[in-house]
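Trainee: For what it's worth, UniProt numbering labels the leading residue of the sequence shown as 1, then goes sequentially.
Sharing a structure below in structure tokens format, with a few things to ask.
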Amino acid sequence: MIKKVPLTELKNRMNCFRKQMDASSPQWETAVIFSKINIYYFTGTMQDGMLIIPKNGEATLWVRRSYERALDESLFPNIEPMKSFRDAAGDASKLPDAVYLETEVVPLALYQRFQKYFPFKNVKSVDSQIAAVRAVKSEYELSLTRESGRIHQHVLEDLVPEMLREGMSEADLSIDIYSALIEKGHHGVSRFGMFDTEMILGNVCFGESSIYPCYFNGPGGKRGLCPAVPLLGSRDRKLRKGDLVFVDVGCGVDGYHTDKTTTYMFGSPLPQYAMDLHNKCVDIQNEAAAMLKPGIAPSEIYTTIMNGLDKEFLQNFMGFGNRKVKFLGHAVGLLIDETPVIAAGFDEPLKEGMVFALEPKRGIENIGMVGIENTFIVTAKGGECITGDNPGLIPVY
């Protein structure tokens, strides 16, 4: 049975978007949405097509493939078929001189094909407006996020310790984790928005693999299956007694994600100094979580935390060597890497109902990446953790 996004939810999202556009760009007349994620957000179906949103009048979802599936999945009231932009241009109203597009995701060739049939002079960005609307989750969205968090906690905290066995590869563990997540209700993909980024599960690493150089903009690293597919885990790196096991993976339910990192000590404890660095990361997470309240800017949280850390700790904090990232956390939703980010420059105050993953981590030479990550909902009392409270470094002896 298809679980459809309620019509009231879709209408509220469209109303919020129009209010955001009216406030930020009063002169706007038309926005056109192409990305499947944003089409899903506004219509409840993820199809190849475009959503035309006029300032006044009904929005129309034009679907190239599959129109039948769109009708089956979506309660959106105005869905039309098209074989090409030519079909839509025949019925759609003429566009104004300036059109708002997703400039972060629309490739030049698609833009040129669209403009051929819908002539207009200027392009303006609608990315920040959509991001602002998507950042504040409804109760419907939060219910899905909480369910993802429940699955995430159970698999990483309860099931993964039972999966670890000497001689297994990182790839073996990746398969076991993925299978368990799917069995418990995970929607099957860790979806990211950063340009041209593929992700199946996340980082599953043993020891020093977790600080290996990685193209992905995160504090941890991984070798992956091969240079052409630097994903999942290595077939060659086998689990040994004394290894740190670093698992940083996504989970999701009906499109909505949580992000979580859990660490394990396999066969024997880590050196005490490594455990101390890990515990410091847990303290940082808890301090930042307490500040996840409406009215506080993400940049304020970032500055407060970073100014309280000493130079020695900062040396390999949020990365290893010269591969450090300049954030402490990020918003989560239909994408794992949403905005705002807990970083400098994000000065708009938080709002209740935003969702963030906090991920303080510290690289250690010859050991790997210690630290933690959990997903929190912004509330008046501070961040509500929905992915569990285990501090990590779970012993598996």
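The beta carbon of each residue, even a glycine, is placed where N, CA and C say it ideally should be.
Bear in mind that the values here come from a model prediction, so they are computed numbers and not experimental data.
Specify, as a first and last residue, the run of the alpha helix (DSSP H) that threonine 262 falls within.
Mentor: Boundaries around threonine 262 are those of the beta strand (DSSP E), 256 to 266, since no alpha helix (DSSP H) includes it.
Trainee: State the Cα-Cα distance for the pair glutamine 272 and aspartate 283, rounded to the nearest angstrom.
Mentor: 16 Å
Trainee: Quick check: tyrosine 67 and proline 81, are their CB atoms within less than 8 Å of each other?
Mentor: yes
Trainee: Let me check understanding here. Comparing Cα to Cα, which of Leu144, Lys137, Met265 lies closest to alanine 331?
Mentor: Lys137
Trainee: Cα separation between leucine 7 and phenylalanine 76?
Mentor: Rounded to whole angstroms, leucine 7 to phenylalanine 76 spans 7 Å at the Cα level.
Trainee: For the structure I just gave you, are there three or more beta carbon pairs, one from the stretch 215 to 233 and one from the stretch 148 to 161, closer than 8 Å?
Mentor: no
Trainee: Tell me whether the stretch 143 to 151 and the stretch 248 to 262 touch, counting them as touching only if at least three CB pairs, one residue from each stretch, are closer than 8 Å.
Mentor: Touching, yes.
Trainee: Any chance the stretch 44 to 52 sits against the stretch 27 to 35, with 3 or more Cβ pairs inside 8 Å?
Mentor: yes
Trainee: In terms of alpha-carbon separation, which member of Arg65, Met369, Leu142, Gly368 lies closest to serine 84?
Mentor: Arg65
Trainee: With distances taken from CA atoms, which of Ile336, Ser299, Val229 is nearest isoleucine 342?
Mentor: Checking every option, the nearest Cα to that of isoleucine 342 belongs to Ser299.
Trainee: How is the alpha helix (DSSP H) around glutamate 68 delimited, first residue to last?
Mentor: 67 to 73
Trainee: Tell me the rounded alpha-carbon separation between glycine 174 and methionine 199.
Mentor: The amino acid occupying residue 174 in the given sequence is serine; glycine does not appear at that position. Roughly 12 Å between the two C-alpha positions.
Trainee: State the Cα-Cα distance for the pair lysine 94 and serine 190, rounded to the nearest angstrom.
Mentor: 38 Å
Trainee: Which residue's Cα is closest to the Cα of tryptophan 28: Lys11, Asn122, Glu9, Lys3?
Mentor: Asn122
Trainee: If we count the other Cβ atoms within 10 Å of its Cβ and call it buried at 16 or more, is alanine 289 buried or exposed?
Mentor: buried
Trainee: Leaving out five residues before and five after valine 204 in sequence, what residues of the same chain have Cβ atoms less than 6 Å from its Cβ?
Mentor: Glu170, Leu173, Ser174, Gly233, Val247
Trainee: Less than 8 Å between C-beta atoms, sequence neighbours within five positions excluded: which residues of the same chain meet that for lysine 324?
Mentor: Pro219, Asn316, Phe317, Met318
Trainee: Can you grab the Cα-Cα spacing for the pair glutamate 166 / glutamate 348, in whole Å?
Mentor: 48 Å
Trainee: Could you give the C-beta distance for alanine 357 and glycine 383, rounded to a whole number, given that I count them as a contact under 8 Å?
Mentor: The pair is not a contact, with the Cβ atoms about 10 Å apart (cut-off 8 Å).
Trainee: At the 8 Å Cβ level, is valine 5 part of the contact set with chain B, yes or no?
Mentor: Within the model displayed, chain B is absent; a lone protein chain is all it includes.
Trainee: Along the chain, where does the beta strand (DSSP E) that runs through tyrosine 100 open and close?
Mentor: 98 to 101
Trainee: In three-state terms, what does DSSP make of glutamate 300?
Mentor: helix
Trainee: Checking 8 Å against the spacing of the C-beta atoms, do arginine 18 and glycine 333 come in under that value?
Mentor: no
Trainee: Give me, in chain order, the residues of the same chain whose beta-carbon lies closer than 7 Å to that of isoleucine 305; leave out the 5 immediate sequence neighbours on both sides.
Mentor: Ile284, Glu287, Ala288, Leu328
Trainee: Going by beta carbon distance, what residues of the same chain come within less than 8 Å of alanine 344, once the five residues before and after it are set aside?
Mentor: Ser299, Tyr302, Thr303, Lys326
Trainee: What ranges does the beta strand (DSSP E) occupy inside the stretch 339 to 365, keeping only unbroken runs of at least 3 residues that lie completely in it?
Mentor: Counting only runs of at least 3 residues, the stretch 339 to 365 fully encloses the following beta strand (DSSP E) elements, listed from N- to C-terminal order: 355 to 358, 361 to 364.
Trainee: Please determine, among Gly252, Leu393, Leu335, Met21, the residue with the shortest C-alpha to C-alpha distance to lysine 124.
Mentor: Met21
Trainee: If you run the structure through DSSP and keep just helix, strand and coil, what is glutamate 166?
Mentor: coil
Trainee: Leaving out the 5 sequence neighbours to the left and right, which residues in its chain are closer than 6 Å to threonine 339 when beta-carbon positions are compared?
Mentor: Taken in chain order, the residues that qualify are Ala131, Ala331.
Trainee: Assign glutamine 129 to buried or exposed, taking buried as 16 or more other Cβ atoms, counted over all protein chains shown, within 10 Å of its Cβ.
Mentor: So glutamine 129 ends up on the buried side.
Trainee: Have a look at glycine 308 and glycine 207 and give me their C-alpha separation to the nearest angstrom.
Mentor: 28 Å
Trainee: Sorted by chain position, which residues of the same chain lie with C-beta nearer than 7 Å to leucine 181's C-beta, five sequence neighbours on each side aside?
Mentor: Ile151, Val155, Cys251
Trainee: Hey, how far is the Cα of glycine 193 from the Cα of glycine 392?
Mentor: 28 Å
Trainee: So what does phenylalanine 369 bridge to, in DSSP terms?
Mentor: The displayed chain sequence assigns methionine, not phenylalanine, to residue 369. Answer is Gly363.
Trainee: Out of Pro26, Gln112, Asn390, Val249, which one is the CA nearest neighbour of cysteine 337?
Mentor: Here residue 337 turns out to be aspartate, not cysteine, going by the sequence shown. Taking only the C-alpha atoms, the option nearest aspartate 337 is Val249.
Trainee: Put histidine 186 into one of helix, strand or coil per three-state DSSP.
Mentor: coil
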